[in-house]
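Engineer:
Protein chains: 2
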Amino acid sequence: MSAKPKIALIGAGLIGRSWAHLFARAGHPVALYDTDAAALDRADHWLRAQGEQPGSVVLTDDLAAALAGAVHVQENGPERLEVKQAIYAAIAPHLAPGAVVASSTSALVPDVLFEGCAFRDRALVAHPTNPPHLLPAVELAASRWTAGEALAETRSLMQAAGQDPLVLKRVLPGFVVNRLQAALVNEALALVEQGVADPEDIDIAVRSGLGLRWAFIGPFETMDLNAAGGFGQYAQVFGGMFAALRQDMAARVPDPWAGDAPAEVAASRRATLPMGAHAARQAWRDAQVLRLRQLKDTPIPTFPKGSPQ
Amino acid sequence: MSAKPKIALIGAGLIGRSWAHLFARAGHPVALYDTDAAALDRADHWLRAQGEQPGSVVLTDDLAAALAGAVHVQENGPERLEVKQAIYAAIAPHLAPGAVVASSTSALVPDVLFEGCAFRDRALVAHPTNPPHLLPAVELAASRWTAGEALAETRSLMQAAGQDPLVLKRVLPGFVVNRLQAALVNEALALVEQGVADPEDIDIAVRSGLGLRWAFIGPFETMDLNAAGGFGQYAQVFGGMFAALRQDMAARVPDPWAGDAPAEVAASRRATLPMGAHAARQAWRDAQVLRLRQLKDTPIPTFPKGSPQ
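Structure follows, in structure tokens:
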């Protein structure tokens, strides 16, 4: 018998099965529910390929059984408001007392998503960086009805399972992760559009430059550590440059997705990586991320004790 | 006697000494020149702390001796046009035949920088990601006069020394690396300005999310691998979302550097990391980046042979 509480995942697609693996790995009893037998079958096959023992995740099409006794229910339905709201109506009668319901949505706003929902004081968004069993960042967004305890419990649960939750105080389109990604991706594509560098060379700037630090420290800490006087000094010296670049970027290209740049990037990618090697490269990427996480979880052996790690 | 050709570094500050360490580590004879005896002294001390043997880098205030026989001269002077042009005038008489002169400038445009320069067909920008001995990305930008061979030789030299050069076909303010960084940083600060998340939570989105992939693959490869059909399919599905976010970002905040957000970030950083631990955290960051580079240089042991690594 496990000391950890039960988790229920609604929807057995790419995200649901990844959550299932994550929580099972952390020692939780896990139920993975889907109405689609084929989806459950694929999830079962995938979970075994990840090394999950049979029975560590209970795959089921019985909603009441999946939800019975679960303290946290993670909903991974399609990104359509009416589908998700139908799911909430269906699960409401079967929820254990005090259960928290979190949605994996990347786009729907909690104040809209949970309006009219019977358990809206115990519901919130917990948007993973996909797939969550590899990438620990998870965005938590409460609605106007969410009780502070529900948010705090979800944060603790995620942290105990190895995730690194961040809390949105206010919801904007794309939340935080996708807005940051979009900012960089849009500029990368605008550089291609303007003939500044080849796509492969732009990738070098990240994977052999910016990304080596961002693997360990975020943008604010990066700037903070790049000035002897910390972020305040950095902002004084470089703030004007960043503000000027922001204006310059906005002015140059109306929409980098509308021109020839996307096709140029696609052609460059296929020249670098034929589609026949695409799946193998995905597996390589995931294996590298796992190695990086192990590295991050291991203190630097030669480092002085008491140093910040 | 080394089989590798001699490298001369002009300017012994943070960037010059890092280049010196990089090229010495790669087996080049290295001369590090500065007119400031104190700067040479600090560089000498730093190089020994990195494990350099005495004599592996010759520190000198004799310009002719520094340049004698050097095939590559890396200029790391202050970021002021007239200072750099005075340096070029001073070094011109002492350059070995066929030497390439590269500037570490992050902002000056090669067509302006090398105008009137006696060796402008052998001069270019080679802007490192600082410090270069830790971060391999280096941006190469030719002027209108730069011979193709000078660019090709610099690219080969950098690659042989362990760097990962990217070539700018056209120069925009900030080149590629700083434009990509600025895009993300400006949005991060705008999120603080709008009260979307605390600075520390925004850092989580990168160091526990986006940065884990960007440590290995750039933004285009990230998108390419995130769709079963590759980048072309990804652009069809998500291009509209990225374009919409770009408009949304431009419209919300005129200048995130002008309001209270920089002070809020500075306060958050000091709450997370007191200034007394700042230098130790810098050392931790550098040690982590070194570990990551070793990880990237080591093939995945359990991985099938013939897989893309």
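Residue numbers (our numbering), protein chains in the order written: chain X, 64 to 372; chain B, 64 to 372. Virtual Cβ for every residue (Gly too), placed ideally from N, Cα, C.
Which bits of chain X does residue 192 (chain B) rub up against, with CB to CB less than 7 Å?
Structural biologist: Numbered from 1 along the second sequence, position 129 holds the residue referred to as residue 192 (chain B). Simply 272.
Engineer: Rounded to the nearest angstrom, how far is the Cβ of residue 322 (chain X) from that of residue 256 (chain X), given a contact under 8 Å?
Structural biologist: Here the question's residue 322 (chain X) lines up with position 259 in the first sequence. Here the question's residue 256 (chain X) lines up with position 193 in the first sequence. Yes, residue 322 (chain X) and residue 256 (chain X) are in contact; Cβ-Cβ is about 5 Å, under 8 Å.
Engineer: Under a CB-based cut-off of 8 Å, is residue 250 (chain X) close to chain B?
Structural biologist: As a first step, residue 250 (chain X) must be located in the first sequence, where it is residue number 187. Chain B contact via Cβ: present.
Engineer: What residues in the stretch 232 to 244 of chain X have a beta carbon less than 9 Å from any beta carbon of chain B?
Structural biologist: Under the 9 Å Cβ criterion, the stretch 232 to 244 of chain X contributes 232, 233, 234, 235, 236, 237, 238, 239, 240, 241, 242, 243, 244.
Engineer: Relative to the C-alpha of residue 93 (chain B), which candidate in B:99, B:76, B:109, B:67 has its C-alpha closest?
Structural biologist: Taking the first residue of the second sequence as position 1, residue 93 (chain B) is located at position 30. Among B:99, B:76, B:109, B:67, the Cα nearest to that of residue 93 (chain B) belongs to B:67.
Engineer: Determine whether the Cβ of residue 352 (chain X) lies closer than 8 Å to any Cβ atom of chain B.
Structural biologist: Residue mapping note: residue 352 (chain X) aligns to position 289 of the first sequence, counting from 1. Yes, residue 352 (chain X) counts as interfacial toward chain B.
Engineer: Using a cut-off of 9 Å between C-beta atoms, extract the partners of residue 161 (chain B) located in chain X.
Structural biologist: Locating residue 161 (chain B) in the second sequence gives position 98, counting from the first residue. The premise fails here: residue 161 (chain B) is roughly 26 Å from chain X at the closest Cβ pair, so nothing lies under 9 Å.
Engineer: In chain X, which residues lie with their C-beta within 9 Å of the C-beta of residue 277 (chain B)?
Structural biologist: Residue mapping note: residue 277 (chain B) aligns to position 214 of the second sequence, counting from 1. Simply 247, 269, 270, 273, 274, 275, 277, 278.
Engineer: Using a 10 Å radius around the Cβ and a threshold of 16 neighbouring Cβ atoms, would you call residue 142 (chain X) buried or exposed?
Structural biologist: Mapped onto the first sequence, residue 142 (chain X) falls at position 79. Burial call: exposed.
Engineer: In chain order, which continuous runs of the alpha helix (DSSP H) of length 4 or greater are located wholly inside the stretch 254 to 334 of chain X?
Structural biologist: Qualifying alpha helix (DSSP H) stretches, in chain order: 262 to 268, 274 to 277, 282 to 288, 294 to 315.
Engineer: For residue 166 (chain X) and residue 202 (chain X), what's the separation of their Cα atoms in angstroms?
Structural biologist: Against the first sequence, residue 166 (chain X) aligns to sequence position 103. Against the first sequence, residue 202 (chain X) aligns to sequence position 139. Their Cα atoms are separated by approximately 11 Å.
Engineer: Can you give me the C-alpha to C-alpha distance between residue 307 (chain X) and residue 147 (chain X), rounded to a whole angstrom?
Structural biologist: Translated into the one-based positions of the first sequence, residue 307 (chain X) becomes position 244. Translated into the one-based positions of the first sequence, residue 147 (chain X) becomes position 84. When rounded, the distance between both Cα atoms is 43 Å.
Engineer: So, for residue 196 (chain X): in the same chain, excluding its five sequence neighbours on each side, which residues have a beta-carbon less than 8 Å away from its beta-carbon?
Structural biologist: Start at 1 with the first residue of the first sequence, and residue 196 (chain X) comes out as number 133. Excluding positions up to five away in sequence, the list reads 81, 82, 84, 85, 88, 113.
Engineer: Who are the Cβ neighbours of residue 214 (chain B) in its own chain at under 8 Å, not counting the five residues just before and after it?
Structural biologist: Numbered from 1 along the second sequence, position 151 holds the residue referred to as residue 214 (chain B). Once the five neighbours on either side are set aside, the close Cβ partners of residue 214 (chain B) are 187, 203, 205, 230.
Engineer: When the distance is taken between beta carbons, is residue 251 (chain B) closer than 8 Å to residue 305 (chain X)?
Structural biologist: What you label residue 305 (chain X) is simply residue 242 of the first sequence in a count that begins at 1. What you label residue 251 (chain B) is simply residue 188 of the second sequence in a count that begins at 1. No, these two residues do not count as a Cβ contact at 8 Å.
Engineer: Kindly list the residues whose CB is nearer than 7 Å to the CB of residue 260 (chain B), restricted to its own chain and excluding five residues on each side of it in sequence; keep chain order.
Structural biologist: As a working note, residue 260 (chain B) is residue 197 in the second sequence. If we look at residue 260 (chain B) and ignore the five residues flanking it on each side, its Cβ neighbours are 254.
Engineer: If I'm right that residue 139 (chain X) touches residue 70 (chain X) with Cβ under 8 Å, what's the distance once you round it to whole angstroms?
Structural biologist: For the purposes of this step, residue 139 (chain X) is taken as the residue at position 76 of the first sequence. For the purposes of this step, residue 70 (chain X) is taken as the residue at position 7 of the first sequence. Contact flag wrong, Cβ pair sits at about 12 Å.
Engineer: Mind the definition here: the stretch 284 to 295 of chain B touches the stretch 314 to 333 of chain X only if three or more C-beta pairs lie below 8 Å; say whether that holds.
Structural biologist: Yes, the stretch 284 to 295 of chain B is in contact with the stretch 314 to 333 of chain X.
Engineer: Could you pull out every residue in the same chain whose Cβ sits closer than 6 Å to the Cβ of residue 64 (chain X), ignoring the five residues on either side in sequence?
Structural biologist: For the purposes of this step, residue 64 (chain X) is taken as residue 1 along the first sequence, with counting starting at 1. Low per-residue confidence applies at residue 64 (chain X): pLDDT is 49, beneath 50, and the placement is therefore not dependable, though the value from the model is reported in the following sentence. Cβ neighbours of residue 64 (chain X) beyond the five flanking positions: none.
Engineer: Return the bridge partner residues of residue 137 (chain X) from the DSSP annotation.
Structural biologist: Within the first sequence, the letter at position 74 stands for residue 137 (chain X). Answer by DSSP bridge pairing, in chain order: X:72, X:165.
Engineer: To the nearest angstrom, report how far apart residue 119 (chain X) and residue 134 (chain X) are at their CA atoms.
Structural biologist: For the purposes of this step, residue 119 (chain X) is taken as the residue at position 56 of the first sequence. For the purposes of this step, residue 134 (chain X) is taken as the residue at position 71 of the first sequence. The straight-line gap from Cα to Cα measures roughly 17 Å.
Engineer: For residue 406 (chain B), list the residues DSSP reports as bridge partners.
Structural biologist: In the structure displayed, chain B extends from 64 to 372; residue 406 (chain B) sits before or after that span and is not available.
Engineer: Assuming residue 268 (chain X) and residue 243 (chain B) make a contact with CB atoms under 8 Å, what is their CB distance in whole Å?
Structural biologist: Mapped onto the first sequence, residue 268 (chain X) falls at position 205. Mapped onto the second sequence, residue 243 (chain B) falls at position 180. Right, their Cβ atoms sit about 6 Å apart.
Engineer: Can you look up residue 336 (chain B) in the DSSP assignment and give me helix, strand or coil?
Structural biologist: Position 273 of the second sequence, counting from 1, holds the residue named residue 336 (chain B). Reduced to three states, the DSSP call for residue 336 (chain B) is coil.
Engineer: Is the distance from the Cβ of residue 198 (chain B) to the Cβ of residue 175 (chain B) below 8 Å?
Structural biologist: Numbered from 1 along the second sequence, position 135 holds the residue referred to as residue 198 (chain B). Numbered from 1 along the second sequence, position 112 holds the residue referred to as residue 175 (chain B). Taking 8 Å as the Cβ cut-off, residue 198 (chain B) and residue 175 (chain B) do not qualify as a contacting pair.
Engineer: Using only alpha-carbon positions, find the residue among X:266, X:224, X:364 that is nearest to residue 240 (chain B).
Structural biologist: Sequence index remark: in the second sequence, residue 240 (chain B) carries index 177 (1-based). Residue 240 (chain B) has its Cα closest to that of X:266, out of X:266, X:224, X:364.
Engineer: Given 7 Å as the limit, tell me if residue 99 (chain B) has its C-beta closer than that to any heavy atom belonging to the ligand SAH.
Structural biologist: Among the components of this structure there are no ligands whatsoever, and the ligand SAH is therefore not found.
Engineer: Near residue 77 (chain X), what residues of its chain come up, given a Cβ to Cβ distance below 8 Å and the 5 sequence neighbours on each side ignored?
Structural biologist: The residue you call residue 77 (chain X) lines up with position 14 of the first sequence. Hits under 8 Å: 193, 194.
Engineer: Checking contacts by CB at 8 Å: is residue 64 (chain X) closer than that to chain B?
Structural biologist: For the purposes of this step, residue 64 (chain X) is identified with residue 1 of the first sequence, where counting begins at 1. Note that residue 64 (chain X) has pLDDT 49, beneath the 50 cutoff, so the model's placement of it is unreliable and the number below is only indicative. No, no contact with chain B.
Engineer: When Cβ atoms are compared, which residues of the stretch 109 to 137 of chain B fall closer than 8 Å to chain X?
Structural biologist: Of all residues in the stretch 109 to 137 of chain B, none has a Cβ within less than 8 Å of some Cβ in chain X.
Engineer: Would you list, in chain order, the members of the stretch 206 to 236 of chain B that have their beta-carbon closer than 9 Å to a beta-carbon of chain X?
Structural biologist: Here the close residues are 226, 227, 228, 229, 230, 231, 232, 233, 234, 235, 236.
Engineer: Between residue 178 (chain B) and chain X, is the shortest Cβ-Cβ distance under 8 Å, so that the two count as touching?
Structural biologist: Position 115 of the second sequence, counted from the start, is the residue given in the question as residue 178 (chain B). Not closer than 8 Å to any Cβ of chain X, the Cβ of residue 178 (chain B) fails to qualify, so no.
Engineer: Tell me which residues share the same chain as residue 237 (chain B) and place their Cβ nearer than 7 Å to its Cβ, disregarding the 5 neighbours each side in the sequence.
Structural biologist: Counting from 1 along the second sequence, the entry for residue 237 (chain B) is found at position 174. Contacts found: 245.
Engineer: Rounded C-beta distance between residue 278 (chain X) and residue 278 (chain B)? I'm assuming under 8 Å.
Structural biologist: Position 215 of the first sequence, counted from the first residue, corresponds to residue 278 (chain X). Position 215 of the second sequence, counted from the first residue, corresponds to residue 278 (chain B). About 4 Å; that satisfies the 8 Å criterion.
Engineer: Looking only at C-alpha atoms, which of B:354, B:365, B:366, B:362 sits nearest to residue 363 (chain X)?
Structural biologist: Along the first sequence, read from residue 1 onward, the residue named residue 363 (chain X) stands at position 300. Of B:354, B:365, B:366, B:362, the residue nearest in Cα terms is B:354.
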